[in-house]
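Visitor: Residue numbers are given in our numbering: position 12 of the sequence shown equals residue 5, and the series is strictly consecutive.
A virtual CB, placed ideally from N, CA and C, is assigned to each residue, including glycine.
Computed from a predicted structure; not experimentally measured.
Have a look at this one.
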Amino acid sequence: MQMFPLVAQGAQVRRRGKVLVGPVDLTLGGRGTSIVIGPNGAGKTTLLKMLHGIVRMNGGSLDWACPLEEAQKRQAFVFQTPVMMRRTVIDNIAYPLRLAGMSRREARARAADWAGRVGLGEILQRQATMLSGGERQKLALARALVREPEVLFLDEPCAALDGRATREIEEILAHASDSGTRLIMSTHNMGQARRLADEVIFVLGGRIHEFSPAEAFFAGPQTPQGRAFLNGDIVE
């Protein structure tokens, strides 16, 4: 059963009377990488959480092409600061498989395989809480991808990483995309956006100001705000 398109109509999130995101009208197809950009405080994180379904909407609708319960099982989310359980690397990665009912032996075998894919194969028994920032983000990616989700949401996964770690994360993401995982990701790094994006969602003040193919956006944004943001100007 197909998950996509994902269709938002008038979707809105409010807190204490303030509109954080919306109203949003957006249709996302089932392939490629969507990169969400915009200044700090624009609503990027809330938009991702709304699309993923982990914040409650206060208006509008959000519909997958399949039942919501089915869609929730087939997606994952990687946060900017991932939570590390007080377990080893291999047990952190195996955890979602164990929750889904997989045997310990099979879950750990899959976890070891994914640890190797993201460059953590030599430290399977290290406590996750002892990892560096880059290693934690790799673990978070492996823990999300081990379930082979059809869509993966990522909230600025490279925000606190150095160049080498960022390159390694981007390689993992590019491989996941090439393997068919739909990526919807926010970033403040325009170089990263240019490298990874198939389409760009430019967010300002909780609203989507532009939604277009990446090549078209970077060649010439259609709004003054988009052009200013791309030029590095302050946008309010």
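Per DSSP, which residues does S205 bridge with? Please list them.
Guide: V193.
Visitor: Specify, as a first and last residue, the run of the alpha helix (DSSP H) that L13 falls within.
Guide: Premise fails: L13 lies in the beta strand (DSSP E), K11 to L21, not in any alpha helix (DSSP H).
Visitor: What are the start and end residues of the beta strand (DSSP E) that includes Q5?
Guide: That run of the beta strand (DSSP E) goes L(-1) to R8.
Visitor: Would you give the residue range spanned by the beta strand (DSSP E) that G53 belongs to?
Guide: G52 to D56 is the extent of the beta strand (DSSP E) around G53.
Visitor: Assign D155 to one of three DSSP states: helix, strand, or coil.
Guide: Coil at D155, not helix or strand.
Visitor: With H, G and I counted as helix, E and B as strand and the rest as coil, what does DSSP make of F72?
Guide: The answer is coil: DSSP assigns F72 none of H, G, I, E or B.
Visitor: Pair every Cβ in the region 119 to 133 with every Cβ in the region 56 to 68, then say whether three or more of these pairs are closer than 8 Å.
Guide: At 8 Å Cβ cutoff, the stretches do not touch.
Visitor: To the nearest angstrom, report how far apart L13 and Q5 are at their CA atoms.
Guide: Straight-line Cα distance between these residues: approximately 8 Å.
Visitor: Ignore the nearest five residues each way along the sequence and tell me which others in E163's own chain have a CB closer than 8 Å to its CB.
Guide: Taken in chain order, the residues that qualify are C151, Q185, R188 and L189.
Visitor: Drop a sphere of 10 angstroms on the beta-carbon of H168, count the other beta-carbons inside from all chains shown, and report buried for 16 or more, exposed for fewer.
Guide: The residue in question, H168, is exposed, as its Cβ has fewer than 16 Cβ neighbours within 10 Å.
Visitor: With DSSP run on the structure shown, which of helix, strand or coil describes I47?
Guide: In this structure, I47 counts as coil in the three-state DSSP scheme.
Visitor: Just the C-alpha distance for A135 and I86, rounded to the nearest angstrom, thanks.
Guide: Approximately 6 Å between the Cα atoms of the pair.
Visitor: Going straight from the alpha carbon of G156 to that of N182, what length do you get?
Guide: When rounded, the distance between both Cα atoms is 11 Å.
Visitor: Between which two residues does the beta strand (DSSP E) containing V29 stretch?
Guide: Looking at the DSSP string, the run of the beta strand (DSSP E) that includes V29 is T26 to I30.
Visitor: Leaving out five residues on either side along the sequence, give the residues of the same chain with a beta carbon under 6 Å from the beta carbon of A270.
Guide: What is shown of the chain runs -6 to 229, which leaves residue 270 out entirely.
Visitor: According to DSSP, is Q130 part of a helix, a strand, or is it coil?
Guide: Here Q130 sits in helix by DSSP.
Visitor: Would the beta-carbon of E229 fall within 8 Å of that of P214?
Guide: For E229 and P214, no; Cβs fall outside 8 Å.
Visitor: Is there contact between the region 76 to 93 and the region 32 to 51, where contact requires at least three CB pairs shorter than 8 Å?
Guide: They do not touch, by the three-pair rule.
Visitor: Determine the direct distance from the alpha carbon of F222 to that of P32, and round the result to whole angstroms.
Guide: Their Cα atoms are separated by approximately 8 Å.
Visitor: Are the beta-carbon atoms belonging to Q68 and F(-3) less than 8 Å from one another?
Guide: The answer is no: Cβ separation not under 8 Å.
Visitor: Have a look at the DSSP bridge pairing and note the partners of I177.
Guide: The partner list for I177 (beta bridge, DSSP) reads S27 and F146.
Visitor: What's the call for V17, buried or exposed, on a 16-neighbour Cβ count within 10 Å?
Guide: When all chains shown are included, V17 counts as buried.
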